[in-house]
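**Student:**
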Amino acid sequence: MDGIVALGHFCESHGPIVILATQKTDCEPQEKPPHILNSPVCEACKSIDLEEAVVSEDENVYYVSSRIPLKEDVAFLLKNAAVRSISCEEMGKEGGLMYFGDDQRGHVVTYTFYVADSQARGFKRKYCLILLSGDRVHLLNHWRHITKHFEVIASDLKEKALKVNNLEQATCSQKAARQASQQSTRSCTGRSLQELTGVSSIFLQIHMWFVYLLSVNVMEEIKPNILEVPISCNGAIMLRKLYKEISNRDFKKVLYCFLTGIKVESKDTEILKLFQQLLPKKFKLPQTGEACVLVKENDAWKVNWKGNLPLKLPTLLNLIEEGLNSENLPDEALESYLASFSYQWYNISCDIACCNVYSEELLKVLGVHKYDMPLLSYWTTEVRNL
Ligand SMILES: [Zn+2]
Numbered sequence: 033m034d035g036i037v038a039l040g041h042f043c044e045s046h047g048p049i050v051i052l053a054t055q056k057t058d059c060e061p062q063e064k065p066p067h068i069l070n071s072p073v074c075e076a077c078k079s080i081d082l083e084e085a086v087v088s089e090d091e092n093v094y095y096v097s098s099r100i101p102l103k104e105d106v107a108f109l110l111k112n113a114a115v116r117s118i119s120c121e122e123m124g125k126e127g128g129l130m131y132f133g134d135d136q137r138g139h140v141v142t143y144t145f146y147v148a149d150s151q152a153r154g155f156k157r158k159y160c161l162i163l164l165s166g167d168r169v170h171l172l173n174h175w176r177h178i179t180k181h182f183e184v185i186a187s188d189l190k191e192k193a194l195k196v197n198n199l200e201q202a203t204c205s206q207k208a209a210r211q212a213s214q215q216s217t218r219s220c221t222g223r224s225l226q227e228l229t230g231v232s233s234i235f236l237q238i239h240m241w242f243v244y245l246l247s248v249n250v251m252e253e254i255k256p257n258i259l260e261v262p263i264s265c266n267g268a269i270m271l272r273k274l275y276k277e278i279s280n281r282d283f284k285k286v287l288y289c290f291l292t293g294i295k296v297e298s299k300d301t302e303i304l305k306l307f308q309q310l311l312p313k314k315f316k317l318p319q320t321g322e323a324c325v326l327v328k329e330n331d332a333w334k335v336n337w338k339g340n341l342p343l344k345l346p347t348l349l350n351l352i353e354e355g356l357n358s359e360n361l362p363d364e365a366l367e368s369y370l371a372s373f374s375y376q377w378y379n380i381s382c383d384i385a386c387c388n389v390y391s392e393e394l395l396k397v398l399g400v401h402k403y404d405m406p407l408l409s410y411w412t413t414e415v416r417n418l
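If you use my numbering, the sequence shown corresponds to residues 33 to 418, in order.
1. Check whether the Cβ atoms of A76 and R157 lie closer than 9 angstroms to each other.
2. Tell me the rounded alpha-carbon separation between K402 and G267.
3. In chain order, what residues of the same chain have a beta carbon less than 7 angstroms from the beta carbon of P48, not counting five sequence neighbours either side?
4. Closest to E277 by CA distance: which of E104, K334, K195, S298 is it?
5. Listed in chain order, which residues are found with a beta carbon closer than 5 angstroms to a heavy atom of ligand 1?
6. Pick from N340, K295, I269, W337: whose alpha carbon is nearest that of N458?
7. What separation, rounded to the nearest whole angstrom, lies between the Cα atoms of Q151 and M240?
8. Rounded to whole angstroms, what's the CA-CA distance from Y159 to V96? Just pull it up for me.
9. Which residue's Cα is closest to the Cα of I185: Y143, G138, L343?
10. Would you list the one or two residues that DSSP bridges to D134?
11. Run through the DSSP bridge pairs and tell me what S165 is partnered with.
12. Quick one, are the C-beta atoms of K190 and G230 less than 9 angstroms apart?
13. Tell me which same chain residues have a C-beta within less than 7 angstroms of the C-beta of E83, skipping the five on either side of it?
14. Between I303, F307, L348, K316, which lies nearest to Y328 when the distance is taken from Cα to Cα?
15. Using a threshold of 9 angstroms, state whether the C-beta atoms of E392 and K314 are closer than that.
16. Sorted by chain position, which residues of the same chain lie with C-beta nearer than 6 angstroms to L351's C-beta, five sequence neighbours on each side aside?
17. Provide the residue(s) that pair with A332 in DSSP beta bridges, ordered along the chain.
18. Express the C-alpha separation of A38 and S219 in angstroms, rounding to a whole number.
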């Protein structure tokens, strides 16, 4: 990934400051940049010597770690990022993760954390890991990669320092250690991370972590395009209620007409919607042809339709009726029941619709019978028109 990764801390003498920065370059640095000498140094701010750099090479890409960045303008941006992440933003007692930035000052992901130090104010020292990039989208695409490894690096440093701290406390209490350090060397600004973690090569380890962070190119994450379920039967319970109010023969007629693309009319449009929910949402209702009319007379539903129901009804119609009629299927499960069978027949229609010529064999495999054809004729036509 592109960007510059750095470690900063809060120095009791120098305030928020970057103590190690790793950058990618296409050649090895030949000479020390002049601005590097302006960087303050004390025991606490110690990392790699000011005039030195640690370089790792990987297929003509160089990863250079230095006390401060090689480019002065980047050093300035990184310094500001360290100030903001350590001093300006409130991150809670344990520190934490944050993003800030803009196109002028760069985009920053920062992770602040505390390292135990029995000689420091509050017995802990504040550090931050920073990733600075000019490209917000690039940075956010690598968000998981960055945050995961920042957390790993921080917890490793914390763990190491805690071990050292526990050993120190076994011999001398924190308060006594702090008082002793203040009395013995008034000019002492604190201890280096090497001393705090007890690892003399800690900055080389951090260099390797930073090299790994910068060397990995995370594939851009593309969210799967989750298709919207084309059927929603959220009025299933109302349909069951209606099923009990209409005679079975009339109910079957209306349902058959809806499922096979025969026009249905009623003054009560809400009732029509209860049947329509069984069709995929994007299907168009027929506008022409002789209609099946559903009317309410003397509080009873009546159906006027000149057509006749076939002897064998489509499978889906039977399944719907079975579900509505079943005492073993609770209201809570009815919506899913109806939607899943309707969805199954929608998929069958899609399979058939994409074949110009379909065989008996295919219909058999799909579980389609002759009595399903009136339904499929309507559904496949609608699917082709979607
Ligand atoms: Zn310092």
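We put the beta carbon where it would ideally sit given N, CA and C, even for glycine.
Just so you know, these numbers come straight off a predicted model, no measurement behind them.
**Tutor:** Concretely, from the data shown:
1. Between A76 and R157, the gap from beta carbon to beta carbon is short of 9 angstroms.
2. Rounded to the nearest whole angstrom, the CA to CA distance from K402 to G267 is 30 angstroms.
3. Taken in chain order, the residues that qualify are G40, F42, A114, V115, I118, S119.
4. Ranked by Cα distance from E277, the first of E104, K334, K195, S298 is K334.
5. Listed along the chain, these residues meet the criterion: C43, S45, H46, C74, A76, C77.
6. Absent from the model: residue 458. The displayed extent of the chain is 33 to 418, so no value can be given.
7. Distance between the alpha carbons of Q151 and M240: 28 angstroms.
8. Straight-line Cα distance between these residues: approximately 21 angstroms.
9. A check of alpha carbon separations from I185 across Y143, G138, L343 identifies Y143 as the nearest.
10. Note: D134 sits in a beta bridge opposite G138.
11. According to DSSP, S165 bridges with H139.
12. Their beta carbons are not under 9 angstroms apart, which means K190 does not touch G230 by this criterion.
13. Within the same chain, Cβ atoms closer than 7 angstroms to the Cβ of E83 are found at K64, the five residues on either side in sequence being excluded.
14. It should be noted that the sequence gives Lys, not Tyr, for residue 328. For K328, the nearest C-alpha among the options comes from I303.
15. No, Cβ-Cβ distance for E392 and K314 is not below 9 angstroms.
16. A distance below 6 angstroms between beta-carbons, with the five flanking residues on each side excluded, links L351 to the following residues of its chain, in chain order: F373.
17. A332 pairs with E329.
18. Because S219 sits at a pLDDT of 47, beneath the cut-off of 50, its placement in the model cannot be relied upon, and the point is left open.
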